[in-house]
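To start, the structure itself, in structure tokens.
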Amino acid sequence: GWWVAGGVIALVCLSRVYLGVHFISDVVVGVLLGVAVLLLVAKAERPAVAWWRRRSLGAQLGVSVALSGALIGAALLANAPYAGWLRPRAWGPAGVIDPESLETVVVMAGVLLGTLAGASIMYRLGWFDAGGPPAVRTARWALGMAVAVLIWYAERDLFPESLAATYASYALLTLWVQVGAPLLFIRLGLMSPAGRRPVHHEVAR
Numbered sequence: 002g003w004w005v006a007g008g009v010i011a012l013v014c015l016s017r018v019y020l021g022v023h024f025i026s027d028v029v030v031g032v033l034l035g036v037a038v039l040l041l042v043a044k045a046e047r048p049a050v051a052w053w054r055r056r057s058l059g060a061q062l063g064v065s066v067a068l069s070g071a072l073i074g075a076a077l078l079a080n081a082p083y084a085g086w087l088r089p090r091a092w093g094p095a096g097v098i099d100p101e102s103l104e105t106v107v108v109m110a111g112v113l114l115g116t117l118a119g120a121s122i123m124y125r126l127g128w129f130d131a132g133g134p135p136a137v138r139t140a141r142w143a144l145g146m147a148v149a150v151l152i153w154y155a156e157r158d159l160f161p162e163s164l165a166a167t168y169a170s171y172a173l174l175t176l177w178v179q180v181g182a183p184l185l186f187i188r189l190g191l192m193s194p195a196g197r198r199p200v201h202h203e204v205a206r
């Protein structure tokens with residue numbers, strides 16, 4: 002598994018430079034940051050998950066909201082020095098760009114909220130067993146994707162295009178994946194509740 006992951010990373014790095022979309026320095030810094038994050042996760046995963054599981058559900062949800070908001074706040078602070086900045090005309094041929102856009106960060110923040118809150122709620126409910134024959138797994142995938150698509154298009158049709166709507170949409174989609182879909186599958190007999198609660202590394206995934 003590690004060799005495959007390393008090979009994919011190497012190919013992506015080479016493709017970025019070959020296609021001319023990044024400088025070599027960009028790729029090197031990206032790899033170093035990735036290694037730093039990997040080492041941090043390897044060292045902090047056990048104590049972080051143990052700390053999280055000792056908190057009440059209300060505290061877990063509160064921290065989920067706070068971390069999600071902190072991500073957006075960090076992006077706002079990063080943009081602050083460039084307030085009023087105008088794109089040089091010479092950049093016109095490169096196409097329309099908006100380096101101060103918060104959309105990507107808002108998407109990440111919504112997913113972070115849904116992931117942390119959803120995993121916390123599902124853990125309290127007993128978790129689930131994702132096993133089963135291929136036909137049952139396929140049925141779960143089809144049903145889960147169908148509902149996810151409905152949520153996606155309903156959000157786009159019902160709410161005006163805005164960062165708040167984007168945030169809510171991705172948080173809701175992630176909650177569906179983490180909580181809604183497993184509960185529905187269990188109710189329909191497509192999945193069984195877990196015989197035991199997951200250990201630390203299973204909760205962290």
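Per my numbering, the very first residue in the sequence shown carries number 2; after that it's consecutive.
Think of the CB as a built atom: it goes at the ideal place given N, C-alpha and C, for glycine as much as any other residue.
Pick out whichever of the options has its Cα sitting closest to the Cα of residue i.
i	options	result
Arg55	Ser121, Thr175, Glu162	Ser121
Ala140	Val32, Phe186, Leu33	Phe186
Gly133	Leu151, Leu103, Val29, Leu191	Leu191
Leu66	Val5, Asp158, Ile25, Leu114	It is worth fixing the name first, because residue 66 is Val in this sequence and not Leu. Taking only the C-alpha atoms, the option nearest Val66 is Leu114.
Gly74	Leu87, Ala110, Gly31	Ala110
Ala71	Val38, Leu40, Val107	Val107
Ser283	Asp158, Leu184, Ala76, Val50	A query on residue 283 cannot be resolved here, the shown segment of the chain reaching from 2 to 206 and no further.
Gly31	Lys44, Ile10, Ile152	Ile10
Arg125	Ala79, Leu20, Ser57	Ser57
Ala1	Thr105, Gly8, Leu184	With the chain covering only 2 through 206, there is no way to say anything about residue 1.
Gly35	Ala6, Pro89, Pro183, Phe160	Ala6
Ile152	Leu174, Phe160, Glu162	Leu174
Gly181	Asp158, Met123, Pro135	Met123
Closer than 6 Å by C-beta to residue i: which residues in its own chain qualify, once you throw out the five before and the five after it? Chain order, please.
i	result
Ser170	Glu156
Gly2	none
Ser193	Asp130
Ser69	Ala110, Leu113, Leu114
His202	In this prediction, His202 scores a pLDDT of 46, lower than 50, which makes its location untrustworthy; no coordinate-derived value is stated.
What span of residues does the alpha helix (DSSP H) with residue i cover, start to end?
i	result
Arg125	104-125
Pro183	182-189
Leu87	Taken as a continuous stretch (DSSP letters only), Leu87 belongs to no alpha helix (DSSP H), as it is neither H nor E.
Gln61	58-80
Leu41	25-55
Val5	3-19
What does a CB cutoff of less than 8 Å around residue i pick up in its chain, not counting 5 residues either side in sequence?
i	result
Val178	Gly115, Gly119, Gly145, Ala149
Ala81	none
Given residue i, which residues of its chain have a CB within under 7 Å of its CB, disregarding the five upstream and five downstream residues?
i	result
Leu176	Gly115, Ala118, Gly119
Val137	Leu191
Cys14	Val28, Val32
Tyr168	Val107, Ala110, Gly111
Ala143	none
Report back the beta-carbon spacing between residue i and residue j to the nearest angstrom; my notes put them in contact at under 8 Å.
i	j	result
Pro28	Arg17	Checking the sequence, you will find Val at residue 28 rather than Pro. 5 Å between Cβ atoms; contact.
Trp52	Gln61	Not really, about 10 Å apart at Cβ, beyond 8 Å.
Can you check the stretch 152-176 for any alpha helix (DSSP H) of at least 4 residues that lies completely inside it and give the ranges in chain order?
You should have 164-176.
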